[in-house]
Each structure stands twice: as structure tokens, then as C-alpha cells.
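K.L.:
Residue numbers (the working numbering): -13 to 99.
For each residue, glycine too, the CB sits at the ideal point set by N, CA and C.
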């Protein structure tokens, strides 16, 4: 959202925002993915009764390799999401506060470049 010369960026989960600067010569990340193994996210998840684990993937050759980190309950590879009621509501065996939909919001002033 842009108001006057200020830009506000909100993201949840693995949505991403980037910005072109220096007239398209480089890009700048404006958001971070919400991964379960990020220390702040992991602390919040565990303190609310959930857990974080790393999944395993079997390749075409039959080898087993580490996969993405996931949240339990829910099995998602993001720690914040809109929706996914099964992971959030006790009625569906979810846990409140483990998988949240609260966005991370950042802001900055837009420069001419």
C-alpha cells in the first residue's frame, strides 16, 4: 500500500515482496518468508504447544533427503497462513497460536530512484 511517499508491506507465510531500485539495476527484498525453523517463529510455535520438524523426501532414485521444516499440527512448511482452519481450531485438532495469520508489516519512504 502506498500513501504519499510511504510504502507499507504486509506479508504472511511465503508471500514475497521485492522492489526495484536504482532504475531497475538491482532489487531489494521487502519481506521475509515465515518459515517454521526461523528462531522467532519456532519459539512462538513451541510456546503455544506446537512443534517443528523436518520432513524427509524420497527422490526418484530412492534416496531419502531432508525436506522442508514443517509445523505440527498442520504439516505446513510456513508458520503463518491465512486459512488452514484444521491447524488453527481445536475443533479440527488444531492449536490456537501455533499457525497464525498475523502479518508482518514493514514500511519505508519511497525515494526517487
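1. Around the C-beta of residue 36, are 16 or more other C-beta atoms found within 10 angstroms, so that it is buried, or is it exposed?
2. Counting Cβ pairs closer than 8 Å, one from the region 15 to 35 and one from the region -5 to 3, do we hit at least three?
3. Check whether the Cβ atoms of residue 85 and residue 48 sit closer than 8 Å, and answer yes or no.
4. Nearest to residue 80 by CA position, among 97, 62, 88, is which residue?
5. Can you list, in chain order, the residues of its chain with a C-beta nearer than 6 Å to that of residue 40? Leave out the 5 residues immediately preceding and following it.
6. Which residues in the same chain have their Cβ closer than 7 Å to the Cβ of residue -7, if we skip the five residues on either side of it in sequence?
7. Rounded to the nearest angstrom, what separates residue 3 and residue -9 at their Cα positions?
8. I'd like the list of long-range same chain contacts for residue 25, defined as Cβ closer than 7 Å, with 5 residues on each side in sequence excluded.
9. Could you tell me which whole alpha helix (DSSP H) segments of length 4 or greater appear in the region 23 to 96?
10. Ordered along the chain, which non-local residues of its own chain (more than five positions away) have a Cβ less than 8 Å from that of residue 42?
11. Can you find a CB in chain D that lies within less than 8 Å of the CB of residue 2?
P.N.:
For this structure:
1. buried
2. yes
3. no
4. 62
5. 52, 55
6. 93, 94, 96
7. 18 Å
8. none
9. 25 to 33, 71 to 74
10. 50, 51, 52, 53
11. Of the protein chains in the structure, only one exists, and it is not chain D.
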